[in-house]
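Numbering (this note's numbering), first residue to last: 14 to 312.
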């Protein structure tokens, strides 16, 4: 009996140690959807276009550099964010299905005319009778959900918050998103690297459609797919001059405006779209086959 107790006691210690390690490593899994989150310690960093990205942009053909060197990414400025937990990859088809099956929720694309698709061949965006259930290519459960609007993403976050009862899930701010892609700081073009091929699916290496999440190399924080695969809705309202007036501590976007920000680039984006500082914007009702989202929570 004593020997059995000794062995059992050590097994218990091993289990406790394993759980403690998992928590220390910052990993948490939502029981409702299986979504994985990585805890990120907040801090201060330089947000916006750095020298490495400026050099990349200066090498672009004049067709692309006509955006006045992407002035909405400037000035580069110090921003501080608090602690948060970010989903380790983009929200998947399976995770989104859990939400719709439980709530009978119908997306904007399902009730209001489909979503934009980028057929190949064709290579031009067009409105089509597509939804997240059928974006025009057969998706696996572990691929990122697409054809979802900003409002669809917010509805998913609100449902998960209500279901959890403790954590408040939401879209990340631009600052929180960029802090994560930059691994808490740094001046590399794509946040974790100066070359995109290992970390993200974009026009040069994608199958011209979405790919399973977390198949590219994760960054040092353990976060995947921040560059490429699908554009990601963030919570901020867009303003081109926002960086000139944004607060230093936990900025949340412009006070008002018709557009919401998307970040990160997608499977049909050029590499420069996928840069850490790149800011794009869409109407919140917009949906297409290259835009999805991820969530975070704070405690």
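Note that the Cβ used here is the ideal one computed from N, Cα and C, for glycine as well.
Going by other Cβ atoms of all chains shown within 10 Å of its Cβ, with 16 needed for buried, is residue 135 buried or exposed?
By the 10 Å Cβ count, residue 135 comes out exposed.
At what residues does the alpha helix (DSSP H) containing residue 83 begin and finish?
First-last for residue 83: undefined, no H or E at that position.
Considering Cα atoms alone, identify which of 307, 285 and 310 is closest to residue 66.
Measuring from the Cα of residue 66, the nearest candidate turns out to be 285.
Less than 8 Å between the beta carbons of residue 289 and residue 191, yes or no?
Yes.
Pairs of beta-carbons, one from the region 265 to 284 and one from the region 43 to 61, closer than 8 Å: are there three or more?
With the cut-off at 8 Å, the region 265 to 284 and the region 43 to 61 do not touch.
Less than 8 Å between the beta carbons of residue 141 and residue 130, yes or no?
Yes; because the gap between Cβ atoms is below 8 Å, this pair is in contact.
For residue 234, tell me which candidate among 117, 114 and 189 has the shortest Cα-Cα distance.
Closest by alpha carbon: 189.
At which residues does the alpha helix (DSSP H) containing residue 109 begin and terminate?
106 to 116 is the extent of the alpha helix (DSSP H) around residue 109.
Could you tell me which residues DSSP puts in a beta bridge with residue 100?
According to DSSP, which records beta bridges pairwise, residue 100 is partnered with 50.
Residue 49 to residue 232, Cα distance in whole Å?
Their backbone Cα atoms lie some 15 Å apart in a straight line.
Distance check for residue 246 and residue 102, CA to CA, integer angstroms please.
Those two C-alpha atoms are separated by around 13 Å.
Which partner residues does residue 306 have in the DSSP bridge list?
Note: residue 306 sits in a beta bridge opposite 246.
Only counting runs of 3 or more residues, tell me where the beta strand (DSSP E) segments fall wholly within the region 135 to 195, in order along the chain.
The region 135 to 195 contains these whole beta strand (DSSP E) runs: 139 to 141 and 181 to 183.
Figure out for me which residue from 211, 93 and 138 has the closest Cα to the Cα of residue 262.
Checking every option, the nearest Cα to that of residue 262 belongs to 93.
Starting from residue 293, follow the beta strand (DSSP E) in both directions and report where the run begins and ends.
Here the beta strand (DSSP E) through residue 293 covers 293 to 295.
Measure the C-alpha to C-alpha separation of residue 105 and residue 224 and round it to an integer number of angstroms.
Taking the straight line from one Cα to the other gives about 11 Å.
Output yes or no for whether 8 Å exceeds the beta carbon distance between residue 250 and residue 172.
No, these two residues do not count as a Cβ contact at 8 Å.
Go through its chain and collect everything with a Cβ distance to residue 282's Cβ below 7 Å, but skip five positions before and after it.
These residues qualify, in order along the chain: 215, 216 and 241.
Going by the DSSP bridge assignment, what does residue 273 pair with across the sheet?
Answer is 250 and 295, bridged to residue 273.
Distance check for residue 148 and residue 328, CA to CA, integer angstroms please.
This structure cannot speak to residue 328, because the chain is shown only from 14 to 312.
Go through its chain and collect everything with a Cβ distance to residue 51's Cβ below 7 Å, but skip five positions before and after it.
Cβ within range, chain order: 39, 40, 98, 99, 101, 234, 235 and 236.
Helix or strand or just coil, what does DSSP make of residue 311?
The answer is strand: DSSP assigns residue 311 an E or B state.
Would you please state the rounded distance, in angstroms, between the beta carbons of residue 178 and residue 108? I believe it to be under 8 Å.
Wrong, their Cβ atoms sit about 18 Å apart, outside the cutoff.
Could you spell out the range, first to last residue, of the beta strand (DSSP E) harbouring residue 130?
Looking at the DSSP string, the run of the beta strand (DSSP E) that includes residue 130 is 128 to 130.
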